[in-house]
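**Q** Take this structure, written in structure tokens, and hold onto it; I'll ask about it next.
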């Protein structure tokens, strides 16, 4: 006699609910923006009751902070897979810079910018996001050491990474008011050429 699939434990059900809330929060941030990412809207998108989030996240800021951390972890896995697939050889620096650029020009990073902007005047949200920001920066630095191994041992490497990331972030802001306008991409080719030259010279 078939017994069917084993019943999930309470912990497994709780983890599934939490995951659904975080995925829904990220989707809501990307598609509808911060102002519309309310706890009720997130629960609705996750297919849960309006009060379901309270067991996992007592406040909206806690939910959004956890969603931002979830986003960072998702970014880490995706970038690591992409970095592992990069070819070695003369073009690696330029391709590595492109990979870094794509991780910032992505809609998920635009959603992060939305959160960071509102955290400026929201102390509770800012408190939730500060450790996420530090994790994001550590993640980026670790990735660049893999992307540009020839320059990673040089004393000026961290400075070059900071310059590269600052350049990319600055370009990405151009698309904030013009989503889909590709203003950042139009200026990236020139910026990448100069950054690649600096990293290659360091190597």
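Residue numbers (my numbering): 3 to 205.
For each residue, glycine too, the CB sits at the ideal point set by N, CA and C.
1. Count the other CB atoms, across all protein chains shown, that sit within 10 Å of the CB of residue 171; report buried if there are 16 or more and exposed otherwise.
2. Measure the beta-carbon distance from residue 95 to residue 65 and round it to whole angstroms, keeping in mind my assumption that it falls under 8 Å.
3. Please report the straight-line C-alpha distance between residue 205 and residue 69, rounded to a whole angstrom.
4. Considering only the beta carbon of each residue, do residue 168 and residue 201 sit closer than 8 Å?
5. Out of 25, 93, 58, 57, which has the shortest C-alpha to C-alpha gap to residue 76?
6. By alpha-carbon positions, which one of 178, 78, 165, 135 ends up nearest to residue 148?
7. Can you tell me whether DSSP reads residue 116 as helix, strand or coil?
8. Could you name the residues of the same chain whose beta carbon sits closer than 8 Å to that of residue 4, not counting the 5 residues immediately before and after it, in chain order?
9. Kindly provide the ranges of any alpha helix (DSSP H) runs that are 4 or more residues long and lie completely inside the stretch 30-54, ordered along the chain.
10. Restricting to runs no shorter than 4 residues, where is the alpha helix (DSSP H) found entirely within the stretch 78-117?
11. Specify, as a first and last residue, the run of the alpha helix (DSSP H) that residue 158 falls within.
12. Inspect the beta-carbon positions of residue 32 and residue 110 and report whether they are closer than 8 Å.
**A** According to the structure data:
1. exposed
2. In fact, because the Cβ distance is near 39 Å, the residues do not count as touching under 8 Å.
3. 37 Å
4. Taking 8 Å as the cut-off, the beta carbon of residue 168 is found no closer than this to the beta carbon of residue 201.
5. Nearest C-alpha to residue 76 among 25, 93, 58, 57: 25.
6. 78
7. helix
8. Legend: pLDDT at residue 4 = 49, less than 50; position of this residue unreliable, value from coordinates given subsequently. Closer than 8 Å at the Cβ level, and outside the excluded window around residue 4, lies no residue.
9. 41-48
10. 94-107
11. Note, residue 158: premise wrong, no alpha helix (DSSP H); not H, not E.
12. yes
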